[in-house]
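**Q** Starting off with a structure, shown below.
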Amino acid sequence: MPLTDRCARLFRHALPLLAALSVLPAAQPALAWEPTAPIELVVPAGTGGGADQMARFIAQLATGKQLLRQPINVVNQPGNSGMDGLMDIKASKGNPHKLVITLSNLFTAPLATGVDFQWRDITPVQMLALDQFVLWVNATAPHKTAKDLLDALRAAPPGTFKLGGTGSKQEDQLIGVLLETAAATRITYVPLKGGGDVARALAAGEVDMTVNNPIEAEALWRQGKLRPLCVFDGQRLDTPGKLSGGQGWTDLPTCMSVGIPAQYLMLRGIFTTPGATPEQVAFYVQLFDKLRATPEWKDFMARGAFKQTAMSGDAFGEWLDKASRYHAVLMRESKLKAAPGAAPQPAPAPAPAKK
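Numbering (this note's numbering), first residue to last: 9 to 363.
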């Protein structure tokens, strides 16, 4: 069965299951613990990307709303496709003052690098949202629609067009493989450090297209430097308002509707270290519930055109299990999974625990 058919079938069957889980309620235990030291929020990606922006917004909002007696310090650890950050959390067992904001590299990075890691190695706290992917070109490009770009890809020699993305063998490259299949050609993938770098590279004309998250490229769209062509979801974005040239998020067609059989949503979630107690997890769940209830958070969600899906507890664990199996199939079918027996990337040394 062709890759496009397999992926389309996977998306049809997996996404309704994942979406259905998002409506399940999460328990709210009473507080019995709170941090006694500064909290380190690890970003397993570079600066300027969606995860980095969300992490820094969380730190600023929690301080501004006085929801914590301790500060949140954001630390970027993008090495090894984000595995450095994830393995740092895994190695910090018993330290409840460390959190990580996860992307879908929670699933893709171990498969791509061969590092011994799975999501169960760390402690889930809460899904904060699901993030979209949008196909972007430079505003001066001749491609006014996604169909224009597909036609140009098919007409050019293989490898002519360059797709910029965050890291290697992660979400951006995975979507790039699906785009290659739709266009029946080869695209040159250019790995960069983070989503902010990716968007800036497109604005500078260093690459021909990207699949940036909305929050990563929104400012450059407002400035008239980038042009969005379609969204990699089964339905149009519903965030109102106009951003540039009389267009807004609601004007973007789905990529499926223009001949690109690909849908993909990315996790924006919070985890803590192994061995966290129920009381420690409960504290963080309630903290993020309070953050998500603020007008500032709702504005941030709207600005980034996020799917405002949140869950914790057993519901989140069930979602993670399904998403993990789903990504294993996608990575294998896209030939981005590390070969059996490949030498894994080294993991960082354990960090000292703070009670």
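All residues carry an ideal CB built from backbone N, CA and C; glycine is no exception.
(1) Under 7 Å Cβ to Cβ from Thr55, same chain only, skipping five residues before and after it: list those, please.
(2) Could I get the ranges of all uninterrupted alpha helix (DSSP H) runs contained in the stretch 140-216, with 4 residues as the minimum, in chain order?
(3) Give the C-beta separation of Ser332 and Gln126 to the nearest angstrom, bearing in mind that I take them to be a contact with Cβ-Cβ under 8 Å.
(4) Classify Ser265 as buried or exposed, calling it buried when 16 or more other Cβ atoms lie within 10 Å of its own Cβ.
(5) Work out the CA separation of Ala160 and Arg128 for me, nearest whole Å.
(6) Would DSSP call Lys343 helix, strand or coil?
(7) By how many angstroms is the C-alpha of Trp41 removed from the C-alpha of Asp139?
(8) Give the range of the alpha helix (DSSP H) segment to which Thr121 is assigned.
(9) Tell me where the beta strand (DSSP E) around Lys298 begins and ends.
(10) What does the alpha-carbon distance come out to for the pair Val123 and Ala59?
(11) Run the CB neighbour count on Asp322, radius 10 Å, all protein chains shown included, and call it buried at 16 or more, exposed below.
(12) Answer yes or no: the CB of Cys263 versus the heavy atoms of the ligand COA, is any distance below 8 Å?
(13) Under 9 Å, do Leu107 and Ile278 count as touching if we go by C-beta distance?
(14) Under a three-way DSSP split, which group does Lys233 fall into?
(15) Residue range of the alpha helix (DSSP H) that Arg311 falls in?
(16) My output table needs one value for Leu42: the three-state DSSP class, helix, strand or coil.
(17) Relative to the alpha-carbon of Ile268, which residue among Lys250, Phe240 and Gly253 has its alpha-carbon at the smallest distance?
(18) Mapping the DSSP letters down to three states, classify Gly93 as helix, strand or coil.
(19) Using a Cβ-Cβ cut-off of 7 Å (strictly less than) and excluding sequence neighbours within five positions of Ala298, which residues of its own chain qualify?
(20) Considering Arg77, what are the terminal residues of the alpha helix (DSSP H) in which it resides?
(21) Pull up the DSSP beta-bridge partners for Thr280, would you.
(22) Using CA coordinates, which residue listed in Leu228, Arg230, Gln271 and Gln231 is at the minimum distance from Leu245?
**A** Per the coordinate set shown:
(1) Along the sequence shown, read from residue 1 onward, the residue named residue 55 stands at position 47. Contacts found: Asn84, Gly202 and Gly204.
(2) 154-163, 179-191 and 203-211
(3) Taking the sequence shown and counting its residues from 1, the one referred to as residue 332 is at position 324. Taking the sequence shown and counting its residues from 1, the one referred to as residue 126 is at position 118. Yes, Ser332 and Gln126 are in contact; Cβ-Cβ is about 7 Å, under 8 Å.
(4) Position 257 of the sequence shown, counted from the start, is the residue given in the question as residue 265. Label assigned to Ser265: exposed.
(5) On the sequence shown, position 120 is the one that residue 128 refers to. On the sequence shown, position 152 is the one that residue 160 refers to. If I take the Cα positions, the gap works out to 43 Å.
(6) For this step, residue 343 is matched to residue 335 along the sequence shown. Of the three classes helix, strand and coil, the one that applies to Lys343 here is coil, per DSSP.
(7) As a working note, residue 139 is residue 131 in the sequence shown. As a working note, residue 41 is residue 33 in the sequence shown. Their backbone Cα atoms lie some 31 Å apart in a straight line.
(8) Locating residue 121 in the sequence shown gives position 113, counting from the first residue. Residues Asn113 to Thr121.
(9) Taking the sequence shown and counting its residues from 1, one reaches residue 298 at position 290. Lys298 -> not in any beta strand (DSSP E); alpha helix (DSSP H) instead, spanning Pro286 to Arg300.
(10) Residue 123 sits at position 115 when you count from the first residue of the sequence shown. Residue 59 sits at position 51 when you count from the first residue of the sequence shown. Approximately 22 Å between the Cα atoms of the pair.
(11) Translated into the one-based positions of the sequence shown, residue 322 becomes position 314. It is exposed - the Cβ of Asp322 has fewer than 16 other Cβ atoms within 10 Å.
(12) Looking for the ligand COA in the displayed structure turns up nothing, as the structure carries no ligands at all.
(13) By 1-based counting over the sequence shown, the position of residue 107 is 99. By 1-based counting over the sequence shown, the position of residue 278 is 270. Their beta carbons are under 9 Å apart, which means Leu107 touches Ile278 by this criterion.
(14) Counting from 1 along the sequence shown, the entry for residue 233 is found at position 225. Coil.
(15) As a first step, residue 311 is located in the sequence shown; it is residue number 303 there, counting from the start. Start and end: Pro303 to Arg311.
(16) Reading the sequence shown from its first residue, position 34 is the one you call residue 42. In the sequence on display, residue 42 carries Glu and not Leu. Here Glu42 sits in coil by DSSP.
(17) In the sequence shown, residue 268 corresponds to position 260, counting from 1. Ranking Lys250, Phe240 and Gly253 by Cα distance to Ile268 puts Phe240 first.
(18) Reading the sequence shown from its first residue, position 85 is the one you call residue 93. In the structure shown, Gly93 sits in a helix (DSSP, three-state: H, G or I).
(19) Stepping through the sequence shown from its first residue, residue 298 is reached at position 290. The displayed chain sequence assigns Lys, not Ala, to residue 298. Cβ neighbours of Lys298 beyond the five flanking positions: Leu75.
(20) Reading the sequence shown from its first residue, position 69 is the one you call residue 77. From DSSP, Arg77 is part of no alpha helix (DSSP H); its letter is neither H nor E.
(21) Position 272 of the sequence shown, counted from the start, is the residue given in the question as residue 280. Answer is Leu107 and Thr131.
(22) Position 237 of the sequence shown, counted from the first residue, corresponds to residue 245. Looking at the Cα atoms, Gln271 is the closest of the given residues.
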